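Asker: For reference, each letter of the sequence shown is one residue, going 1 to 334 in UniProt numbering. C-beta atoms are modelled at their ideal positions from N, C-alpha and C, and glycine is treated no differently. Since this is a predicted model, take the numbers as computed values, not measurements. First the structure, then my questions, so here it is.
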Amino acid sequence: MNSYKKIEAEILSASNILITAHKSADGDSVGSSIGLLHFIEKLGKKATICHPDKAPKFLDFLDLSCITSMDQEPEKVTATFEEADLIFCLDYNATDRVGKDMQPLLEAATCTKIMIDHHLDPQDFANITVSETSASSTAELIVELIEQSENGALLDEKIGTPLYLGILTDTGSFRFNSVKPRTHEVLAKLLAAGVKHHLIHELLNDTNTASRLRLQGFAMSQKMEILDENAVAIIPLTKEELEKYDYKKGDTDSLANLALSIKGMKAAIVLSERDGIIKISFRSKGKENPVNGLAAEHFDGGGHANASGGMSELSMRETLDKLKSLLAEYFPAN
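Structure follows, in structure tokens:
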């Protein structure tokens, strides 16, 4: 029995299924969670989504009321963990990725845990592991789970819409080299199931607020620094600057890709001061310019070769100095 068949059997035998994902929710973690939830419910089983924190507002069109967050309802999340007899771990491969508040609950749970993820170097904590680093996204793997199950015919627009979103966002609108022929085959299945891809693109991209656009304009015109020798663009945003432009979660998500679009850039790095730490987003182009090593080795992070995250507890000035001192090693001058 392959892993997907085992997973289907676990779903059908469980009574209280819990779906979890990593801290700092993104389109893939949210989309894969909601898509799996709708599939499980269509099988006639009970499931609950518990995430470490709220999803960004630009995903509101998915109806996020089905997600309970640890940062807002800790008692409810704790009770859900205690009642669960099956836990899905989506889009993360180490227990610390769910954050310090949820991590003890996950590690203390004695029920079956299923990891479905596409990041490098998975930790051995789950009973069943689907770790496909060649996949574009966790949402892509959820579609394959559904397709390979005995109930693959249940795939429909409601299940498929959040899964399409997950693939869309984690591939940078299908521009990253993680997109393979299998990705387009999965997308074709979603469209055949009734997913209205054009509406998803509109709902995702045509929802800017004036403050978000002003923040992005300020970041690109006043804060972006281009280090020509290394072909790297850096955008540092302090707590005060984010507050000045009425920052909302997700407002800076596109900045790294915007900076990376500059001709000749190897990488773009955005630093934002939030919650008492410096959060760092790394993006790069090509196999020869990976950023996951830089994120993992120096900034307590990691991720994909060309799209990673990290953090720093140093000041913004100290973090920038540290980052710049490392660029020659990772992005040597041509």
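Out of Ile40, Asn177, Ile67 and Ile114, state which residue places its alpha-carbon closest to the alpha-carbon of Asn289.
Answerer: Minimum Cα distance to Asn289 is reached at Asn177.
Asker: Using the beta-carbon count (16 or more within 10 Å), is Pro162 buried or exposed?
Answerer: Flag for Pro162 reads buried.
Asker: Can you tell me whether Pro236 is helix, strand or coil according to DSSP?
Answerer: Three-state DSSP puts Pro236 in a strand.
Asker: Could you have a look at Met1 and say whether DSSP puts it in helix, strand or coil?
Answerer: Note that Met1 has pLDDT 48, beneath the 50 cutoff, so the model's placement of it is unreliable and the number below is only indicative. Note: Met1 maps to coil in three-state DSSP.
Asker: If you draw a straight line from the alpha carbon of Asp124 to that of Ile116, how long is it in whole angstroms?
Answerer: Whole-angstrom Cα-Cα distance: 12 Å.
Asker: Going along the chain, which residues of its own chain have a beta-carbon closer than 7 Å to the beta-carbon of Glu8, five neighbours each way excluded?
Answerer: Only Ser149 and Glu150 meet the Cβ criterion.
Asker: Beta strand (DSSP E) containing Gly276: first to last residue?
Answerer: Note, Gly276: premise wrong, no beta strand (DSSP E); not H, not E.
Asker: What separation, rounded to the nearest whole angstrom, lies between the Cα atoms of Gly194 and Ile159?
Answerer: In a straight line, the C-alpha of Gly194 is about 10 Å away from that of Ile159.
Asker: Could you say which of His22, Val270 and Leu323 lies nearest to His118 if we only look at CA atoms?
Answerer: Closest option to His118, Cα to Cα, is His22.
Asker: Report back the beta-carbon spacing between Asp71 and Pro56 to the nearest angstrom; my notes put them in contact at under 8 Å.
Answerer: About 13 Å; that fails the 8 Å criterion.
Asker: Can you check which of these residues, Asp26, Leu18 and Ala14, is closest to Gly172 by C-alpha distance?
Answerer: Nearest C-alpha to Gly172: Asp26.
Asker: If you follow the alpha helix (DSSP H) that Ala79 is part of, which residue opens it and which one closes it?
Answerer: Note, Ala79: alpha helix (DSSP H), Pro74 to Glu83.
Asker: Quick check for students: name the residue ranges of the beta strand (DSSP E) that lie wholly in the stretch 61-144, counting only runs of 3 or more.
Answerer: Listed in chain order, they are 67-69, 86-90, 112-117 and 128-131.
Asker: I need the straight-line Cα distance from Leu187 to Ile167, nearest angstrom please.
Answerer: Rounded to the nearest angstrom, the two C-alpha atoms are 8 Å apart.
Asker: Name, in chain order, the residues that DSSP records as bridge partners for Glu225.
Answerer: In the DSSP output, where bridge partners are listed per residue, Glu225 has Ile234.
Asker: Is it the case that the Cβ atoms of Ile11 and Lys45 are separated by a distance below 8 Å?
Answerer: Result yes, Cβ atoms of Ile11 and Lys45 sit closer than 8 Å.
Asker: Got a sec? Which residues, its chain only, sit under 6 Å from Leu190 by beta carbon, not counting five neighbours each side?
Answerer: Cβ neighbours of Leu190 beyond the five flanking positions: Gly160 and Tyr164.
Asker: Quick one: does the C-beta of Ala47 sit closer than 7 Å to a heavy atom of the ligand GDP?
Answerer: With respect to small molecules bound, the structure shown includes none, and the ligand GDP cannot be examined in it.
Asker: What residue ranges within the stretch 255-306 form continuous beta strand (DSSP E) runs of no fewer than 3 residues, ordered along the chain?
Answerer: Correct list: 267-274 and 277-284.
Asker: Helix, strand or coil, according to DSSP, for His201 in the structure here?
Answerer: In this structure, His201 counts as helix in the three-state DSSP scheme.
Asker: Suppose the cutoff is 6 Å on Cβ atoms and the five residues either side in sequence are ignored; what does the same chain contact list for Ala84 look like?
Answerer: Asn16, Leu18 and Cys111.
Asker: Counting C-beta neighbours from all protein chains within 10 Å, is the total for Asn306 16 or more, i.e. buried, or is it exposed?
Answerer: So Asn306 counts as buried.
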